[in-house]
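Heads up: the protein sequence lines correspond to chains P and W, in order.
Under our numbering, think of the first position of the first sequence as 1, with each following residue one higher.
Under our numbering, think of the first position of the second sequence as 293, with each following residue one higher.
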Amino acid sequence: MSTSVAISILLFCVLLPTVAAFAWFVIGWRPWRRLPTGSAGPDGRWAGGLALASALCLTQAGFVGWPALPPTESWQWAAWLALLAAAWGVLDGVVRLPRLAGIAGAVALAVVAAWLSVPEFYPHVRLGQGLVVGFAVTLCLTIDVIGRQRPGAAIPAALLVVAGAAAVVIVASSNAKMSQLVGAVAAGLGAAVVAAWWKPRLSLAGGAATVFGTVLPVLLFNAHASDYGDVPPAAFLLVAGAPLALWLAELPVVQRLRPWQAAVVRVVLVSVPIGIALAMAVPRLTADGGYS
Amino acid sequence: MSRVRTSGMSVVLAVAGLFGAAVPALAMPSFKVDAVHSTVLFKVKHMNAGYSYGRFNDIDGTFSYDEKNADKMSFDVTVKTESVDTGNAKRDQHLKAPDFFHAKQYPTLSFKSKKIKFLGDEAFEVVGDLTCRGVTKEITVKLAHTGESKDPRGGHRCGFETTFTIKRADYGMNYMPGGLGGDVQITVALEGVAK
Chain P
1 MSTSVAISIL
11 LFCVLLPTVA
21 AFAWFVIGWR
31 PWRRLPTGSA
41 GPDGRWAGGL
51 ALASALCLTQ
61 AGFVGWPALP
71 PTESWQWAAW
81 LALLAAAWGV
91 LDGVVRLPRL
101 AGIAGAVALA
111 VVAAWLSVPE
121 FYPHVRLGQG
131 LVVGFAVTLC
141 LTIDVIGRQR
151 PGAAIPAALL
161 VVAGAAAVVI
171 VASSNAKMSQ
181 LVGAVAAGLG
191 AAVVAAWWKP
201 RLSLAGGAAT
211 VFGTVLPVLL
221 FNAHASDYGD
231 VPPAAFLLVA
241 GAPLALWLAE
251 LPVVQRLRPW
261 QAAVVRVVLV
271 SVPIGIALAM
281 AVPRLTADGG
291 YS
Chain W
293 MSRVRTSGMS
303 VVLAVAGLFG
313 AAVPALAMPS
323 FKVDAVHSTV
333 LFKVKHMNAG
343 YSYGRFNDID
353 GTFSYDEKNA
363 DKMSFDVTVK
373 TESVDTGNAK
383 RDQHLKAPDF
393 FHAKQYPTLS
403 FKSKKIKFLG
413 DEAFEVVGDL
423 TCRGVTKEIT
433 VKLAHTGESK
443 DPRGGHRCGF
453 ETTFTIKRAD
463 YGMNYMPGGL
473 GGDVQITVAL
483 EGVAK
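Quick look at the structure:
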């Protein structure tokens with residue numbers, strides 16, 4: 001790899017997305033503010049979606065190439081959907097919509113995402129749309145509900161594992177651009193881990209949950225639809241469903257643990273399906289002789 | 293009487309049909325591309341160091357050749373993007389994916405001539421539409437008539453060849469701008485059998 005390409009990847013796929021996402025998390029949660037004891041403090045959830053969306057959009061614009069509106073290819077909807085989800089997150093966070101309205105918004109966004117992003121050439125379009133809607137709604141609600149109850153670095157760390165693995169599975173399917181976009185989301189989640197370490201009240205509920213829950217199924221599905229690397233479909237499903245393992249950490253036995261122990265358990269629980277998915281996908285990277 | 297008139301008309305139509313079929317065959321032979329003896333090659337610079345070569349193994353199309361009247365000539369060639377072959381299976385998989393040809397959404401590349409001009413010495417200038425990844429752009433190429441002969445089975449064969457360069461970004465292929473050259477040189481060698 002030439003030096004200029006390596007610098008471009010480092011800049012647009014790692015550094016800038018991380019810095020931009022970190023900036024949004026800091027603006028949203030203002031960690032330097034001293035809050036009265038027992039105060040819930042300012043709710044910065046409106047910024048979480050902007051953080052992840054800005055990370056993805058910087059990679060899209062700086063390295064992958066910004067798509068037209070409407071895009072010519074279904075996977076290119078990811079950036080536009082991320083912006084839409086982030087805007088919904090801002091609205092939800094600032095206006096503080098009723099919970100039911102927030103859920104209705106997430107479902108509506110999932111339906112729009114499925115309608116726009118399942119390619120016509122896929123042999124089972126309805127099935128594809130059903131999968132995207134199902135995963136998008138389930139992921140949004142899971143991250144939102146658990147994120148509200150468990151602020152801090154554990155949920156961002158678990159989702160960082162998921163996004164990092166998604167990037168590997170997608171690149172194994174011979175879709176490097178989609179992998180870079182998911183990698184940018186992973187960079188944003190890395191920023192969330194650091195910010196949450198600094199400010200443990202940080203939560204991915206709200207906009208961040210909507211952006212992650214929308215973008216991940218869209219890109220995983222499109223990579224599966226254009227899979228030339230023969231990655232088993234189960235690998236995509238396992239990655240998309242891995243965040244659901246976070247529910248297991250809500251069992252009383254885990255809740256009785258110390259916070260750092262519960263955090264480790266969350267990451268380990270998510271890592272189980274991720275490990276199986278990677279075991280299926282990674283051999284495809286080097287199959288047929290590999291190439292770089 | 294009616295039967296006689298009908299028979300007479302049938303004869304007239306049959307004769308007219310014979311002439312109708314014979315006239316274009318004499319004036320402008322039409323050829324079907326022989327995929328086995330035709331080639332579509334491309335080369336692109338890798339990491340600003342060496343050239344990587346590839347080809348498409350599935351070529352189809354037709355062309356018409358009239359050495360006396362270039363206006364009556366035409367070329368209509370299609371290649372299947374799934375047939376891309378660079379000698380490395382993993383790279384071929386990537387080339388078929390959305391980062392490059394996006395073979396599932398855009399199964400073919402095509403060239404259709406619009407205007408052909410005789411340049412002399414068996415050479416032609418061909419203006420036509422090149423369609424790749426759903427983008428159609430007019431290009432102009434210099435085409436050489438490489439030969440004509442009868443094969444052992446009596447088939448009339450005719451060949452052409454051209455080399456031209458396109459910018460891959462013009463066709464939405466912008467993956468790795470620093471790692472892969474922006475220019476792609478394409479060589480098309482066609483051999484057709486008269487239909």
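We put the beta carbon where it would ideally sit given N, CA and C, even for glycine.
Taking 7 Å as the Cβ-Cβ cut-off, the segment 63 to 96 of chain P approaches chain W at Gly65, Thr72, Glu73, Trp75, given in chain order. DSSP, reduced to helix, strand and coil, places Asp384 of chain W within a helical segment of the structure shown. Comparing alpha carbon positions, the residue from P:Arg96, P:Gly89, P:Pro252 closest to Leu109 of chain P is P:Gly89. When the Cα atoms are used, Ala262 of chain P and Gly105 of chain P turn out to be separated by approximately 31 Å. At a beta-carbon threshold of 7 Å, none of the residues of chain W lie near Ala240 of chain P; the nearest stands roughly 19 Å away. Distance from the Cα of Leu333 of chain W is smallest, within the candidate group W:Phe456, W:Lys396, W:Ala461, for W:Phe456.
Looking at the backbone, the Cα of Leu216 of chain P and that of Leu131 of chain P are separated by about 12 Å. Judged by DSSP in its simplified three-state form, Val231 of chain P adopts coil rather than helix or strand.
Rounded to the nearest angstrom, the gap between the Cα atoms of Ala21 of chain P and Gln60 of chain P is 14 Å. Interface residue (Cβ-Cβ distance to chain P less than 8 Å): His437 of chain W is not classified as such. For Asp377 of chain W, the secondary structure class from DSSP, reduced to helix, strand or coil, is strand. DSSP places Phe25 of chain P within a helical segment (H, G or I) once states are collapsed to three. Under the DSSP assignment, Val427 of chain W falls outside any alpha helix (DSSP H), being part of the beta strand (DSSP E) whose first and last residues are 427 to 442.
For Arg347 of chain W, the enclosing beta strand (DSSP E) stretches over residues 342 to 348.
Under DSSP, Phe323 of chain W takes part in a beta bridge, and its partners are W:Phe355, W:Ala486. Contact between Glu440 of chain W and Ala481 of chain W is absent: CB atoms are separated by about 14 Å, not below the 8 Å threshold. Of the other Cβ atoms in all chains shown, fewer than 16 fall within 10 Å of the Cβ of Asn349 of chain W; this residue is therefore exposed. Under the DSSP assignment, Lys360 of chain W falls outside any beta strand (DSSP E); it carries neither an H nor an E label. Take Trp115 of chain P, set aside five residues on each side of it, and the residues of its chain with a beta-carbon closer than 7 Å to its own are Gln129, in chain order. For Pro390 of chain W, the closest C-alpha among the options P:Leu219, P:Ala245, P:Ala249 is that of P:Leu219. Around Pro119 of chain P, the beta-carbon contacts reaching into chain W at under 8 Å are Lys396, Gln397.
Ser292 of chain P counts as exposed, since fewer than 16 other C-beta atoms from the protein chains shown sit within 10 angstroms of its C-beta. Taken through DSSP and simplified to helix, strand or coil, Ser405 of chain W comes out as strand.
In the structure shown, Lys372 of chain W adopts extended strand secondary structure according to DSSP, grouped into three states. In the three-state reduction of the DSSP assignment, Thr18 of chain P falls in the helix class. Looking only at W:Ala381, W:Phe392, W:Leu411, W:Asn380, the smallest Cα-Cα distance to Asp363 of chain W is reached by W:Leu411. Three or more pairs of CB atoms, one per stretch, sit closer than 8 Å, so the segment 152 to 159 of chain P contacts the segment 203 to 214 of chain P. With respect to the 8 Å criterion, Leu435 of chain W and Lys429 of chain W are not classified as neighbours on the basis of their beta carbons.
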